[in-house]
Every structure is written in C-alpha cells, then in structure tokens.
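Enquirer: Residue numbers (UniProt numbering): 1 to 444. Yeah, the Cβ is synthetic: ideal placement off N, Cα and C, and Gly gets one too. Computed from a prediction, not measured in an experiment: that's the story for all the values here.
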C-alpha cells in the first residue's frame, strides 16, 4: 500500500509538472504570438506612416505647383530674362546709358517694340530674391497718372523696366541742360500740383503708407506732354536698412536724420526743397535760408529764376511760403498734405490755367474784331442805275480793247487752256453798294 501510494503520488506530481510545463509552453507561445502580432502591427503602422508621408509630400508638391501657377497668373508685370535685357541694352552699353543714381545706372532700351528705361540695381544692395519679387509685385500693381509705371523686371538679376519718359528729369529742365528752353511759370505751377497729387497717392496706400524717402528733382520725370511723374518709388524698400543711405543730402528730413523715425511728413520736407527749386532753379544747399531772407527783405524776385518773365507776384509768394512751411525742422510744424498743401497748389494750378484761357480769349476777340465786315451803306436804286449806266461805255471800250489785244497775241504766246479757265471763275460784280466797284472777268 505504501509503495502504491508513493507511485500514485509520483504520478500525480509528474502530471502536475507536465501540466505546468504545458501551461508554460502555452504562455510562451501566447507571448510569442503576441510579439509577432505586435511586430506585424508595428510593420503595418510603419507602412501606413510611409504611405502618409508620401501622400503628404505629393500634396505639398502639388500645392507648391498650384501656388506657382497662381502667382504666375496674378503677376502684374512682365518677367524678362537676363538675355532679353542684355540684348536690349547692347550688353549694357555706355552709349545707351541715360543716367545713374544711388541705386544703379539707367539705360534706354527697346523691349517688345517699345522704348523703356531699364534700371540695373547695384550688386549686393538688394535683399533676397523672394523679398525682391514681393516688392516688385506690389510696386508694379500701383497705377497713378503722376507715377512712373513699372512695366517689368528681371528679379534674378535685379533689373527693373520702367516706361520711358521723353523729356528727362525735372532737374535737367530746371537747369536748362542740353540747351533746353526754360519751363514757364504756368508749367511750374502745374508740375508742383502734380507732384503733390502723386505724393498723396503714395501716402494713402493700404495697408500702410508708402514713404518715398528720396524725393528730388532728379527723381521727377517729364513725359512728352511735360506731365510730371514720380520715379524710384519704393526702391528704398528693396534695399536692406544697412545696405545704403536712403535719401539724398539736402533733401533728407532733419528729424529723421536725428531720430531715425520715418513718416509721411519726411517726404514733405523733401517736397518743400523741390518747390523752392521749382521757382528758383538753384541748387538745394542753403536754398531755404536764401528764400526766407529774400521774403523778409521784400525782395523775392531776386532769387526767382531770371529766365522766366512775368512771375505773378502774389501767387509766387504764396508758393514760396508753402515751400518754407514744408521745410520746417520739426515734423509737427509742417502742413498736412491732403487738407492744406494740395488744395493750395491746385488753386495755383487753376490760376495758371485760367490765365492761359484769358489770353486765348483776348486773342480771339482781337482777331474777330479785325475780321468784322465793312458797314453796308444803303444807296438809292436810282443812283446805282445811274452809275451803272455811266460805266457801260467805259466797259464796252475796255472790252473792245481787250479783244484787239487777244487777237494780236500769237497762238504760242497765249496762256495755256488750264490758265485761261482760271479767268472764267471771275465775273463782273458789285462788291458793295457803297463802292459799286467792278471786277474784270472773262468776256464772252
């Protein structure tokens, strides 16, 4: 019995061990299966991630492509290649150079069968290509009658293509360069109002005003009708703050020089100096002081451009005082462009225009008076018949004499047939009852 119980106990223990081993194996198999399942899930997840990344990359590429197409369709300026620009300027030939400013040289060229002005920005002064393209896009979309139009660009090489202005710069016309005649005071009054109109357009831009920063006579161009247009608009925005000094000495706002604070009234200081040059045609250095002293001494005529005659005294004095107000040292002392300055300049332009109309009307009235017909004097019919009867014998005598002369002229020396036809158009007629003159005509 003891042996049997031991045997049974051993058998039970053996079965128990086998059961534990089986459970362990099952547990191991379950864990292995679970690990494999996790690996499969991880592989599936990795596969899905790769697929999602691929789809995302394709979507971004498609969006970029659509963005480029949209940008190309919305571009308001013509994009030129550097080959187009070099061919148009003959390799940037000096013979085609028409000027050079702080931002680079300017060339006259022929693009798309149209004369244009190409400004080549100096290397290294422009910002990145993306920033340059954005600024060019903004500037090319701006249109105003008193602004030079930006027609196109070659952004990769910093070239800007503008409309060509036949009469050059206001500076050249004020100083009569190339033996050009001086501008009349009427033209100068009109140009002053046009510049103010273009400047107000820039200062009213949205979402923020555009400050020119370099307004001067050299940056005001005249087209073939002598309409003034502001050029180099926004070029200061294409240049990094440390790239170059924005503005030209004598035209820079003193407060901006001291504080670095730029605003729309910074342009008003430059505009004031331009107005002083418009009426004096003198260099900008110390011009404000000279004009101010001349006004105090009641002797403004001494500083006015002597090549212009008949300056209107009161109106020119008003323009000079407006210019001096713009040249105040502090911004807050300068007049407002929209409410004060522009209305005054428009009145002066209207005055100049009205003066021209009055002169034309005076000339027309004088011409009409000189062309008035002679007064008609009534004469009794009896006197007319008597005079006509008295004139018949004389007419008959002259007719016989003329016939005798015509027959005595050889055929070859007679006037040609075409010339004889001219005589037939004239007839005997009484010019007026007062003179009862008779005209000779071809006789039957």
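Are any of the Cβ atoms in chain B nearer than 8 Å to that of residue 342?
Expert: Looking at the structure shown, chain B is missing, and only one protein chain is on hand.
Enquirer: Do residue 300 and residue 317 have their beta-carbon atoms positioned less than 8 Å apart in this structure?
Expert: In contact: residue 317 and residue 300 (Cβ atoms closer than 8 Å).
Enquirer: Just to confirm the assignment, what range does the beta strand (DSSP E) spanning residue 116 have?
Expert: Start and end: 114-120.
Enquirer: Measuring alpha carbon to alpha carbon, tell me which residue in 166, 235 and 319 is nearest residue 227.
Expert: If we check each option's Cα against that of residue 227, 166 comes out closest.
Enquirer: Alpha carbon to alpha carbon, how far is residue 205 from residue 141? Give it in angstroms, no decimals.
Expert: Near 12 Å, if we compare the C-alpha coordinates of residue 205 and residue 141.
Enquirer: Would you check if the segment 153-166 and the segment 252-262 touch, i.e. whether three or more CB-CB distances between them fall below 8 Å?
Expert: As far as the Cβ criterion goes, the segment 252-262 does not touch the segment 153-166, which means the pair count is below three.
Enquirer: Residue ranges of each beta strand (DSSP E) run of no fewer than 3 residues wholly in the segment 33-106, ordered along the chain?
Expert: Whole beta strand (DSSP E) segments, 3+ residues: 97-101.
Enquirer: Would residue 171 and residue 117 qualify as a contact pair, given that the criterion is a beta-carbon distance under 8 Å?
Expert: No, Cβ-Cβ distance for residue 171 and residue 117 is not below 8 Å.
Enquirer: Alpha carbon to alpha carbon, how far is residue 133 from residue 309? Give it in angstroms, no decimals.
Expert: About 48 Å.
Enquirer: Within the continuous alpha helix (DSSP H) that includes residue 256, where are the two ends?
Expert: That run of the alpha helix (DSSP H) goes 254-259.
Enquirer: Tell me, which residues are paired with residue 163 by DSSP?
Expert: 116.
Enquirer: Could you tell me if residue 212 is buried or exposed, where buried requires 16 or more neighbouring beta carbons within 10 angstroms of its beta carbon?
Expert: Its Cβ being crowded by 16 or more others within 10 Å, residue 212 is buried.
Enquirer: Around the Cβ of residue 47, are there at least 16 other Cβ atoms within 10 angstroms (buried) or fewer (exposed)?
Expert: Looking at its Cβ environment, which holds fewer than 16 other Cβ atoms inside 10 Å, residue 47 is exposed.
Enquirer: How many angstroms separate the CA atom of residue 44 from the CA atom of residue 24?
Expert: Approximately 29 Å, taken between the alpha carbons.
Enquirer: Looking only at its chain, what residues have a beta carbon closer than 6 Å to the beta carbon of residue 291, apart from the 5 residues adjacent to it on each side?
Expert: Same-chain partners within the cutoff: 276, 303 and 320.
Enquirer: Exposed or buried, what is residue 266 when buried is set at 16 or more other beta-carbons lying within 10 Å of its beta-carbon?
Expert: Per the 10 Å Cβ criterion, buried.
Enquirer: Near residue 194, which residues of its chain fall below 6 Å by C-beta distance, leaving aside the five closest residues on each side in sequence?
Expert: Here the set comprises 146 and 228.
Enquirer: Let me confirm a value: residue 36 is counted as buried when at least 16 other C-beta atoms fall within 10 Å, else exposed. Which label applies?
Expert: Result: exposed.
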